[in-house]
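*Asks:* Chains as they are written, first to last, in my numbering: chain A, 12 to 309; chain B, 12 to 309. Take this structure first; my questions come after.
2 protein chains.
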Amino acid sequence: MDKKLYGAVEGGGTKFICAVIDADLRILREARFPCQSPSETIANCLNFFQTAQAQLGPLSALGIASFGPLDPRPGSHDFGKILATPKPGWANTDLVSPFADALSIPVAFDTDVNGAVLAESLWGAGKGLKNLIYYTIGTGIGGGAIAENRLIHGLMHPEMGHAFLSHNYTQDPFPGVCPFHQDCFEGLASGPAIEARWGRKAYELPADHAAWELEAHYIALALVNTALMLAPERIILGGGVMAQQHLFPLVRAEFLKLLNGYLQIPAMLRDIDTYIVPSGLQGIAGLYGALALAIQAA
Amino acid sequence: MDKKLYGAVEGGGTKFICAVIDADLRILREARFPCQSPSETIANCLNFFQTAQAQLGPLSALGIASFGPLDPRPGSHDFGKILATPKPGWANTDLVSPFADALSIPVAFDTDVNGAVLAESLWGAGKGLKNLIYYTIGTGIGGGAIAENRLIHGLMHPEMGHAFLSHNYTQDPFPGVCPFHQDCFEGLASGPAIEARWGRKAYELPADHAAWELEAHYIALALVNTALMLAPERIILGGGVMAQQHLFPLVRAEFLKLLNGYLQIPAMLRDIDTYIVPSGLQGIAGLYGALALAIQAA
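As structure tokens, this is what we get:
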């Protein structure tokens, strides 16, 4: 039995979650810190891990799954840094070095959604699949991808939430909320987009509200494009908006309607219920994502 | 020096090109056959390779880079087959077994665009890059992808030409020509779409015709989405429409306009001229793609 302990950091725009987890996925210690200035936030996290190590013994590695954009490519000049984020004070923050220096253990670093897709492939709804997509649809929209068994990084990492969607202004005159692209996926379908369009928060809208059909349309458009561009074996949807379980059948039906018989693949057409699925790690995909990165690094 | 000989088949909807190529990329024999019925076409190709082998000596492997959809996954039940193509008589054609049986050599099989992106990564405009996209924009539109040094197959293979694009009917009332999706990338921007929209073939339209600005807009939309979803290090454009070299600066300018300052990556923003580039294997990417597949199989 692997007795190793791993550190996991889920870095979000509003809070950082730290945990010590063992190889059986048991969370032995956990703490949440508001995302303040980088120096305060990092100090809080470091203090947590140093205390945990003193009590539990040494950690084998630390994984950080963070909001982006960031540089996840080991060996790159900017590896470990948050890049040009609009979040005040956080651009160019080195999130890896403070932990690597103070804890003297391997530190892995990737986007929250790349962590999540890795965790889903190990323990969640995409177990054993070599081509997998994870989208979080909530305050923001982001996607992580595994292709041929490897996380996609490329030039940096995917930014799937900002892909442009077909937007019919007659059907939906709402212009979108993305400050960069207005009516990209995030601009049209994130939680803030729903709230700005309908004047109420997503969770306040009843299941029969017209909002959900439109929301399913945009999500399905994004998923059809994702399926055509990356040919994943499964698409996993998490995040606050997808907590509305009634969205899943709407998204699946619209996906098939848009695909319109193109691609005669049973795994996609006949088995649509297992092609577009909820997260298997409800609410904990981010933290387990950081754990998965730590295990890879150890 | 590698003295091996390879067979290469570029299977297209109108013609099949067969060649024997050595490891120095010299084409020793070449023949073109119209794409007739599967049995006639395969017999013509087989006869070519058998004659070539009698004259030149044994081939080490054969690579087939073909129109799709097809099953490129060795070990899969349908490996080697053309799948549900609208091309009469070709659905469910096994393109691999006749060659493997008659020639008794390893036969590799993939899409024309996956072959092309592999060839570009070995000898063309994407030499040495681990994350690369190749689009052909011509009679049809298709894309091939290398992510983290591997061709993406996934559930089947990417079908990038059918991704939906944002379509502003006020700016462009043309409904699109795709029989499945109407206004997907292929439906809006392929050669037949240009001809149907403007009443003239693409190569007959002067460089200052409004057609090109609109064409560049759609191509740039598709490339922005591709860059956001796959984070390639470079995007290579080939095919008949892209033979209009004046399209490249228009596409690059529109790409930057649409991205609107999101992603502060010098390799994409400052170096846009080397980010979106023409094929380095002008006209021969398909055949060299089949060669690249053969070399992988040998």
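Cβ coordinates follow ideal geometry from the N, Cα and C atoms, glycine included.
Is there a Cβ from chain B that is less than 7 angstroms from the Cβ of M240/A?
*Replies:* Position 229 of the first sequence, counted from the start, is the residue given in the question as residue 240/A. Closer than 7 angstroms to some Cβ of chain B, the Cβ of M240/A qualifies, so yes.
*Asks:* Please check if any C-beta of chain A sits within less than 7 angstroms of the C-beta of L166/B.
*Replies:* In the second sequence, counting from the first residue as 1, residue 166/B sits at position 155. L166/B counts as touching chain A.
*Asks:* Measure the C-alpha to C-alpha separation of I53/B and S108/B and round it to an integer number of angstroms.
*Replies:* By one-based count along the second sequence, residue 53/B stands at place 42. By one-based count along the second sequence, residue 108/B stands at place 97. Their backbone Cα atoms lie some 11 angstroms apart in a straight line.
*Asks:* Three Cβ pairs or more, each shorter than 8 angstroms: is that satisfied between the region 258-277 of chain B and the region 218-230 of chain B?
*Replies:* Result yes; three or more Cβ-Cβ pairs closer than 8 angstroms.
*Asks:* Let me make sure I understand the geometry here. Which of Y17/A, Q307/A, L292/A has the alpha-carbon closest to that of W134/A?
*Replies:* Here residue 134/A refers to the residue found at position 123 when the first sequence is read from its first residue. Among Y17/A, Q307/A, L292/A, the Cα nearest to that of W134/A is on L292/A.
*Asks:* Between the Cα of P69/B and those of L81/B, S115/B, Y214/B, spot the shortest distance and give me the residue it belongs to.
*Replies:* Here residue 69/B corresponds to residue number 58 of the second sequence, with the count starting at 1. For P69/B, the nearest C-alpha among the options comes from S115/B.
*Asks:* Sort out for me which residues DSSP pairs L81/A with in a bridge.
*Replies:* In the first sequence, residue 81/A corresponds to position 70, counting from 1. For L81/A, which the question treats as bridged, DSSP gives the partners I93/A.
*Asks:* Relative to the C-alpha of A95/A, which candidate in S290/B, I276/B, L298/B has its C-alpha closest?
*Replies:* The count along the first sequence starts at 1 and reaches residue 95/A at position 84. Comparing Cα-Cα distances from A95/A to each of S290/B, I276/B, L298/B, the minimum goes to I276/B.
*Asks:* For G79/B, which of P289/B, A305/B, G154/B has the nearest alpha-carbon?
*Replies:* To locate residue 79/B, count along the second sequence from 1; it is residue 68. When each option's Cα is compared against that of G79/B, the closest is G154/B.
*Asks:* Once DSSP output is grouped into helix, strand and coil, what is the label at L225/A?
*Replies:* The residue given as residue 225/A occupies position 214 in the first sequence. Note: L225/A maps to helix in three-state DSSP.
*Asks:* Using C-beta distances below 6 angstroms, list every residue in its chain close to T25/B, excluding the 5 sequence neighbours before and after it, in chain order.
*Replies:* As a working note, residue 25/B is residue 14 in the second sequence. Cβ within range, chain order: C46.
*Asks:* In chain B, which residues lie with their C-beta within 8 angstroms of the C-beta of Y6/A?
*Replies:* Chain A is shown from 12 up to 309; residue 6/A falls before or after that span and cannot be answered.
*Asks:* Indicate whether at least one CB of chain B lies closer than 7 angstroms to the CB of L114/A.
*Replies:* For the purposes of this step, residue 114/A is taken as the residue at position 103 of the first sequence. False, the Cβ-Cβ gap to chain B never drops below 7 angstroms.
*Asks:* Answer yes or no: does any C-beta atom of chain B fall closer than 7 angstroms to that of I163/A?
*Replies:* Reading the first sequence from its first residue, position 152 is the one you call residue 163/A. So, interface residue.
*Asks:* Using 8 angstroms as the threshold, is the region 31-47 of chain A in touch with the region 80-91 of chain A, meaning 3 or more CB pairs across them?
*Replies:* Touching, no.
*Asks:* Between A158/B and chain A, is any beta-carbon pair separated by less than 7 angstroms?
*Replies:* Here residue 158/B refers to the residue found at position 147 of the second sequence. Judged by the 7 angstroms Cβ criterion, A158/B is in contact with chain A.
*Asks:* Hey, quick one: how far does the alpha helix (DSSP H) through D284/A stretch, first residue to last?
*Replies:* By 1-based counting over the first sequence, the position of residue 284/A is 273. Run containing D284/A: 283-286, per the alpha helix (DSSP H) assignment.
*Asks:* So which residues on chain B does A319/A lean against when the C-beta distance must stay under 7 angstroms?
*Replies:* Nothing in the structure corresponds to residue 319/A, since chain A is present only between 12 and 309.
*Asks:* Cα separation between K268/B and A231/B?
*Replies:* Here residue 268/B is taken as the residue at index 257 of the second sequence, counted from 1. Here residue 231/B is taken as the residue at index 220 of the second sequence, counted from 1. For K268/B and A231/B, the distance between alpha carbons rounds to 9 angstroms.
*Asks:* So L140/B packs on L162/B, CB below 8 angstroms; how close in whole Å?
*Replies:* The sequence position of residue 140/B within the second sequence is 129, counting from 1. The sequence position of residue 162/B within the second sequence is 151, counting from 1. Wrong, their Cβ atoms sit about 13 angstroms apart, outside the cutoff.
*Asks:* Could you tell me if D284/B is buried or exposed, where buried requires 16 or more neighbouring beta carbons within 10 angstroms of its beta carbon?
*Replies:* In the second sequence, the residue the question calls residue 284/B occupies position 273. So D284/B counts as exposed.
*Asks:* Enumerate, from N- to C-terminal direction, the unbroken beta strand (DSSP E) stretches of 3 or more residues contained entirely within the region 138-170 of chain A.
*Replies:* Those beta strand (DSSP E) runs which fall completely within the region 138-170 of chain A and span 3+ residues are 143-148, 152-158.
*Asks:* Quick one: what does DSSP say K98/A is sitting in, helix, strand or coil?
*Replies:* As a working mapping, residue 98/A is identified with position 87 in the first sequence. Looking at K98/A - three-state DSSP - the assignment turns out to be coil, as it is neither helix nor strand.
*Asks:* What distance in whole Å lies between the Cβ atoms of G126/A and A254/A, which are believed to be in contact at a cut-off of 8 angstroms?
*Replies:* On the first sequence, residue 254/A is found 243 positions in, with the first residue counted as 1. On the first sequence, residue 126/A is found 115 positions in, with the first residue counted as 1. Contact doesn't hold; Cβ gap of about 19 angstroms is too wide.
*Asks:* Please list the partners that N142/A has in chain B, where partner means a Cβ-to-Cβ separation under 9 angstroms.
*Replies:* Taking the first sequence and counting its residues from 1, one reaches residue 142/A at position 131. Going along chain B in sequence order, the residues near N142/A (Cβ under 9 angstroms) are I163, H164, G165, L166.
*Asks:* Does DSSP put G68/A in a helix, a strand or coil?
*Replies:* Your numbering for residue 68/A matches position 57 in the first sequence. Coil at G68/A, not helix or strand.
*Asks:* Over what stretch of residues does the alpha helix (DSSP H) that includes I205/A continue unbroken?
*Replies:* In the first sequence, the residue the question calls residue 205/A occupies position 194. Segment 202-209, the alpha helix (DSSP H) holding I205/A.
*Asks:* Using 10 angstroms around the beta-carbon of K138/B, count the other beta-carbons present and answer buried if the total reaches 16, otherwise exposed.
*Replies:* The residue given as residue 138/B occupies position 127 in the second sequence. Looking at its Cβ environment, which holds fewer than 16 other Cβ atoms inside 10 Å, K138/B is exposed.
*Asks:* Classify E170/B: buried if its beta carbon has 16 or more other beta carbons within 10 angstroms, exposed otherwise.
*Replies:* Position 159 of the second sequence, counted from the start, is the residue given in the question as residue 170/B. That one is buried.
*Asks:* Closest to Y145/B by C-alpha separation, out of P117/B, Y214/B, S177/B, R245/B, would be which residue?
*Replies:* One-based indexing of the second sequence puts residue 145/B at position 134. When each option's Cα is compared against that of Y145/B, the closest is R245/B.
*Asks:* Taking P203/B as the query, report the chain A residues whose CB atoms sit under 7 angstroms from its CB, ordered along the chain.
*Replies:* Here residue 203/B is taken as the residue at index 192 of the second sequence, counted from 1. Simply none; closest approach about 17 angstroms.
*Asks:* Just to confirm the assignment, what range does the alpha helix (DSSP H) spanning Y299/A have?
*Replies:* Mapped onto the first sequence, residue 299/A falls at position 288. Here the alpha helix (DSSP H) through Y299/A covers 296-308.
*Asks:* If you measure from the beta carbon of P49/A to each beta carbon in chain B, is any gap under 7 angstroms?
*Replies:* Taking the first sequence and counting its residues from 1, the one referred to as residue 49/A is at position 38. No, no contact with chain B.
*Asks:* At least one CB of chain B closer than 7 angstroms to the CB of H228/A: is that the case?
*Replies:* As a working note, residue 228/A is residue 217 in the first sequence. No, H228/A does not count as interfacial toward chain B.
*Asks:* Do we get a CB-CB distance below 7 angstroms when we pair H220/B with the residues of chain A?
*Replies:* Along the second sequence, read from residue 1 onward, the residue named residue 220/B stands at position 209. So no, H220/B is outside the interface.
*Asks:* Relative to the C-alpha of H173/A, which candidate in S201/A, N179/A, A158/A, Q61/A has its C-alpha closest?
*Replies:* Walking along the first sequence from the start, residue 173/A turns up at place 162. Comparing Cα-Cα distances from H173/A to each of S201/A, N179/A, A158/A, Q61/A, the minimum goes to S201/A.
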